[in-house]
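Take a look at the structure set out below.
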Amino acid sequence: MNKTVLITGSSRGIGFGIAKRLKSSGYDIILHGKSNSIELQNAQKELNAKALIFDVANTNECKNILDEFAKSNPALWGIVLNAGITNDNTFLALEESDWKSVIDTNLNSFYNVLNPLLMPIARKKEGRIVVISSVSGIIGNRGQSNYSASKAGLIGAAKSLAIELASRNITVNVVAPGLIQTELTQDKNLPIEEILKLIPAKRSGSVDEVSGLVNFLLSDEASYITKQVIGVNGGLC
Ligand code: NDP
């Protein structure tokens with residue numbers, strides 16, 4: 016197929032699931048993690064794929080590594096902005112560092128990763144950007160003011176970028192998962208039973224249920240879908 020897709024935060028969880036699904040659809044994939052972790056090395060082995068390592072929250076590091084990548088590689092077909100963290104606490108108890116780390120990692124990464132990589136894609140006039148937001152960015156969530164702000168911010172940024180890139184055949188869409196089983200949701204403080212009561216489907220979702228949608232949004236069939244926010248949440252919102 017000769018189409019390369021970078022998936023940020025693909026050492027594990029949803030990002031790894033997306034990478035696996037895209038690989039099975041025939042894309043060349045580039046994995047990514049914050050560090051050269053055992054998980055990233057295992058993911059590389061399993062999918063026989065290259066990996067980039069950089070902190071998405073660090074503007075200079077992203078610029079240096081991705082400028083160099085863009086200079087020495089053909090334009091990417093797709094970028095899936097998936098890397099993200101939580102640092103939950105009720106707002107009154109939230110430390111400045113909890114606020115900033117989540118905004119830097121989840122929202123500022125939109126600029127940090129896309130800015131160095133977009134010019135070659137824009138020149139080629141074809142491509143796909145998929146941003147992983149969250150149901151929390153749409154309806155809010157107790158203890159997640161920082162996370163909700165970052166995920167809501169991504170939606171605004173993606174919609175604006177979609178308008179700017181639509182005439183160049185580049186689509187920009189947002190996937191907003193609900194409760195999905197990964198390490199991120201293994202936090203013992205998370206009131207899983209309470210959350211499940213709010214989900215009409217009465218269950219959490221799987222990584223495959225998210226990666227199937229991302230796979231579709233990257234396909235040729237999705238060429239007229241842009242500026243959309245699509246939930247994968249069992250009816251939660
Ligand atoms: P995981 O914690 O399982 O994986 C997170 C991934 O992001 C890892 O690959 C991690 O890399 C990478 N990452 C984290 N911080 C950085 C950083 N500063 N720089 C580079 N890479 C980083 O999370 P999930 O798979 O559960 O979540 C993936 C995305 O989906 C996130 O954006 C999350 O907000 C979103 N989401 C998840 C939901 C869920 O229920 N799980 C629900 C809604 C949205 P490394 O291992 O190297 O740290």
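Every letter in the sequence shown is one number past the one before it in the numbering used here, and letter 16, counting from 1, is 31.
Glycine included, each C-beta is placed from N, C-alpha and C at the ideal position.
Asked: Alpha-carbon spacing of Asn51 relative to Ser238, whole angstroms; Found: 34 Å
Asked: Proximity of Ile100 and Thr120 at Cβ, strictly below 7 Å; Found: yes
Asked: Heavy atom of ligand 1 within 6 Å of Glu198 beta-carbon; Found: yes
Asked: CA-to-CA distance, Ala191 to Val244, given in whole angstroms; Found: 7 Å
Asked: Touch test, the stretch 175 to 185 against the stretch 100 to 119, Cβ-Cβ under 8 Å, three pairs minimum; Found: no
Asked: Beta-carbon spacing of Ser165, Ile210 below 7 Å; Found: no
Asked: Among Lys78, Asn17, Ile33, nearest to Thr23 - alpha-carbon criterion; Found: Ile33
Asked: Distance between Arg36 and Ser160 (C-alpha atoms, nearest Å); Found: 32 Å
Asked: Whole-number beta carbon distance between Gly155 and Ser254, since they are thought to touch under 8 Å; Found: In the structure displayed, the chain extends from 16 to 252; residue 254 sits before or after that span and is not available.
Asked: For Gly220, three-class secondary structure by DSSP; Found: strand
Asked: heavy atom of ligand 1 below 6 Å from Ser234 C-beta; Found: no
Asked: The stretch 141 to 151 / the stretch 224 to 238 touching (three or more Cβ pairs under 8 Å); Found: yes
Asked: Contact set for Ile136: own chain, Cβ-Cβ below 7 Å, skip 5 residues either direction; Found: Ala90, Leu91, Gly142, Ile185
Asked: Which residues DSSP lists as bridging Lys65, in chain order; Found: Ile45
Asked: Backbone CA spacing between Leu1 and Glu54 [nearest angstrom]; Found: Given a span of 16 to 252 for the chain in the structure shown, any question on residue 1 remains unanswerable.
Asked: Span of the beta strand (DSSP E), counted from its first residue to its last, around Asn188; Found: 185 to 192
Asked: Whole-angstrom distance between Asn104 and Ile147, CA atom to CA atom; Found: 22 Å
Asked: Tyr126, buried or exposed, once every other Cβ within 10 Å from all chains shown has been counted against 16; Found: exposed
Asked: Arg218 versus Val187: straight-line alpha-carbon distance, rounded; Found: 29 Å
Asked: Arg143 (DSSP reduced to helix, strand or coil); Found: strand
Asked: Selection from Ala66, Glu61, Lys38 that minimises the alpha carbon distance to Ile45; Found: Ala66
Asked: Per-residue burial, Asn97 [other beta carbons within 10 Å of its own, 16 or more giving buried]; Found: buried
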